[in-house]
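Undergrad: Numbering (the numbering used here), first residue to last: 187 to 269.
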Amino acid sequence: AVRHGAAVRVEVADAGRGIPAAELPRVFDRFYRVAGAGPRGSGLGLAVVAAIVSAHDGRYGVESEPGLGSVFWIELGSAPQNA
Numbered sequence: 187a188v189r190h191g192a193a194v195r196v197e198v199a200d201a202g203r204g205i206p207a208a209e210l211p212r213v214f215d216r217f218y219r220v221a222g223a224g225p226r227g228s229g230l231g232l233a234v235v236a237a238i239v240s241a242h243d244g245r246y247g248v249e250s251e252p253g254l255g256s257v258f259w260i261e262l263g264s265a266p267q268n269a
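Now the structure itself:
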């Protein structure tokens, strides 16, 4: 986790197959699974992340390129630091 402006940003990266650009807008949708990703998963994990982060007025996203892996991130507001 790192400070990112007034928020704290957490990133999770992998070196997998990556996600095609056309599929990126839907990866946080309920029950959505990237085509060819295999038989695992229900398509709910990222939707749950999106709901929790949104409930805390946070932001979330993904950056990915086929063949180079993906970086999923969330940002949540941080409490003021004590002086």
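Glycine residues also receive a C-beta, built at the ideal position from the N, C-alpha and C atoms.
All values reported here derive from a predicted model rather than from experimental measurement.
Going by the beta-carbon positions, is the gap between L262 and V239 smaller than 8 Å?
TA: One-based indexing of the sequence shown puts residue 262 at position 76. One-based indexing of the sequence shown puts residue 239 at position 53. Result yes, Cβ atoms of L262 and V239 sit closer than 8 Å.
Undergrad: Just checking my contact of F217 with L230 at CB under 8 Å: how many whole Å lie between their CB atoms?
TA: As a working mapping, residue 217 is identified with position 31 in the sequence shown. As a working mapping, residue 230 is identified with position 44 in the sequence shown. Right, their Cβ atoms sit about 7 Å apart.
Undergrad: Give the secondary structure of S240 by DSSP, where H, G and I count as helix, E and B as strand, and everything else as coil.
TA: By 1-based counting over the sequence shown, the position of residue 240 is 54. If DSSP states are grouped into helix, strand and coil, S240 belongs with the helices.
Undergrad: Do you know offhand how far A269's Cα is from R189's?
TA: Reading the sequence shown from its first residue, position 83 is the one you call residue 269. Reading the sequence shown from its first residue, position 3 is the one you call residue 189. Because A269 carries a pLDDT of 46, less than 50, the predicted location of this residue cannot be relied on, and the following value inherits that uncertainty. So the alpha carbons of these two residues sit roughly 17 Å apart.
Undergrad: Can you check which of these residues, A193, L210, V194 and R195, is closest to S256 by C-alpha distance?
TA: In the sequence shown, residue 256 corresponds to position 70, counting from 1. Of the candidates A193, L210, V194 and R195, the one whose C-alpha sits nearest the C-alpha of S256 is L210.
Undergrad: Pick helix, strand or coil for A192, following the three-state DSSP scheme.
TA: The count along the sequence shown starts at 1 and reaches residue 192 at position 6. It is coil, neither helix nor strand.
Undergrad: For S256, write down the residues that DSSP places opposite it in a beta bridge.
TA: In the sequence shown, residue 256 corresponds to position 70, counting from 1. DSSP lists D200 and S250 as partners of S256.
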